[in-house]
Structures are given as structure tokens and as C-alpha cells.
Amino acid sequence: NAGVTQTPKFRILKIGQSMTLQCTQDMNHNYMYWYRQDPGMGLKLIYYSVGAGITDKGEVPNGYNVSRSTTEDFPLRLELAAPSQTSVYFCASSYSPGRQGYNSPLHFGNGTRLTVT
Amino acid sequence: ELKVEQNPLFLSMQEGKNYTIYCNYSTTSDRLYWYRQDPGKSLESLFVLLSNGAVKQEGRLMASLDTKARLSTLHITAAVHDLSATYFCAVGSGGATNKLIFGTGTLLAVQP
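Respectively, the protein sequence lines represent chains A and B.
Note that the numbering used here has the first sequence beginning at -10, numbered continuously upward.
Note that the numbering used here has the second sequence beginning at 38, numbered continuously upward.
Pasting the structure below:
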């Protein structure tokens, strides 16, 4: 199993450009998340989804959009990129807590390193 | 609003020594996770702690949870260089959504 796959691994954007970060998982997890990690900091939750067609905002949603049309895919869209969005973006997935009890850690992808100049 | 604080932020240890990383959180939660991150890499799940008094051990690492004090500890026994990494605690927020709020991390450097 590939687990959680993110593409691209690296990207440089100019201010005002847009892009989509791709995330797909093959573990049949119904929960998926997007986090960003700024240098020397912890992770901040951007958006999450508890199933296809259901998404909700996290701690830092401004400037981002998501969609969840399938169980496997959870793309993150950046509109009008700004330097403040320079970060490493991690996608993660998990079972719902009820399926395996609450023993359901998040499984993370390898991240996308984004620079906005 | 749930806040998660870790200390210390940076820890330089000698091989063979013991030390503890602390994770405090501000509101009631039903689960706490510890993750490890190597430089430039993704996060690896180490422990899941679900109840008051829970203790988990793997090798030289032992994690515990005190829900009444809203405190978790990650204890390192007889540190070795391979344990050098950043360690994060993450606390469950939002019940069934399994959202996690992360601490700022502890950068552990084990010196020979």
C-alpha cells in the first residue's frame, strides 16, 4: 500500500498565482485533513473532511479551499497565493474514531514544500 | 479553544542520559498522540493515549497521560543518537471528527 500520497513535492509560486495540492490515500480512510507547518512550528489544521461531500474549516482556513468528491482524494486549492502561504503542507487520513475505537492515529503524507515569492 | 504547549522547545542530551518532555493542554480531551518527525520528513505516530493513567512504552520511550492535570509526558531512557528528532504531542479536539491540535514540538538532539 502506498498510504497517503501528496503531489507535488516542491513548488514555487509567484504572488497571485493559484495551484492545487493533490492528496490521495489508498487505506479506505473516511477522514482526511490538511495541515500546514511553518519553520520551527507545530502543525496547524487548515481543513478537514469526515467523508465524501463533507468538508469543514480548521484553525487557519483563509486563502484555501477544499473539495472531497471521492473517499480517496482530498485536494487543497490555493487561490491568489501570498508570501504568508509559504509553508510545508501535509495531508493526513484516519479511520473514524468509532471504527477502531479511539485508537486511530492520523497517517501523514510526505508533504509539499511551497514557496511563494 | 484548545491550546497545547510543549516544553522544552529544544533539548540537547548526552547519550545514556534520561529526560522528560512535557505536554500541557488547556481543555478536556479524550485522546492524546505523540509523533516523531525527522528533518525534512513526514510525521510518524509513536503513541496513542486514551485514558487517565494510560502508559505506553516502546524501546527507550515511555509516554503517560494524566487527564486530570491535562498533562502528558514523554520519557526518554538512556538516550541514543538515533532518537534525535522533533517530537510533537497532539490533542484530540472536536470529538468524533478526530481533529488534532498540535504542540510546537520539542527538538531533541542527542550528542555522543
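Ideal placement from N, C-alpha and C gives every residue a C-beta, glycine not left out.
Note that the structure is predicted; figures quoted are calculated from it, not measured.
- By the 16-neighbour rule on beta-carbons within 10 angstroms, I113/B is buried.
- For K40/B, the CB contacts under 6 Å within the same chain, skipping 5 residues up- and downstream, are S63 in chain order.
- Only those residues of the segment 132 to 149 of chain B whose C-beta falls short of 9 Å from the nearest C-beta of chain A are listed: G132, A133, T134, N135, K136, L137, I138, F139, G140, T141, G142 and L144.
- Annotation: Cβ neighbours of S79/B in chain A (cutoff 8 Å, chain order): F79, F97, G98, N99 and G100.
- For R25/A, the enclosing beta strand (DSSP E) stretches over residues Y20 to Q26.
- Counting the other CB atoms within 10 Å of its CB gives A100/B a total of 16 or more, which places it among the buried residues.
- Chain-order list of chain B residues neighbouring M30/A: T141, by C-beta distance under 7 Å.
- Within the segment 81 to 96 of chain B, the residues whose Cβ lies closer than 7 Å to some Cβ of chain A are S82, V85 and L87, listed in chain order.
- Pairing G31/A with G140/B gives a Cβ-Cβ distance under 8 Å.
- When the beta-carbon positions are compared, L2/A and P64/A stay at least 8 Å from each other.
- Straight-line spacing of the CA atoms in F79/A and Y36/A works out to 11 Å.
- Taking a C-beta distance under 8 Å as the contact criterion, A41/A and T13/A do not qualify as a contact pair.
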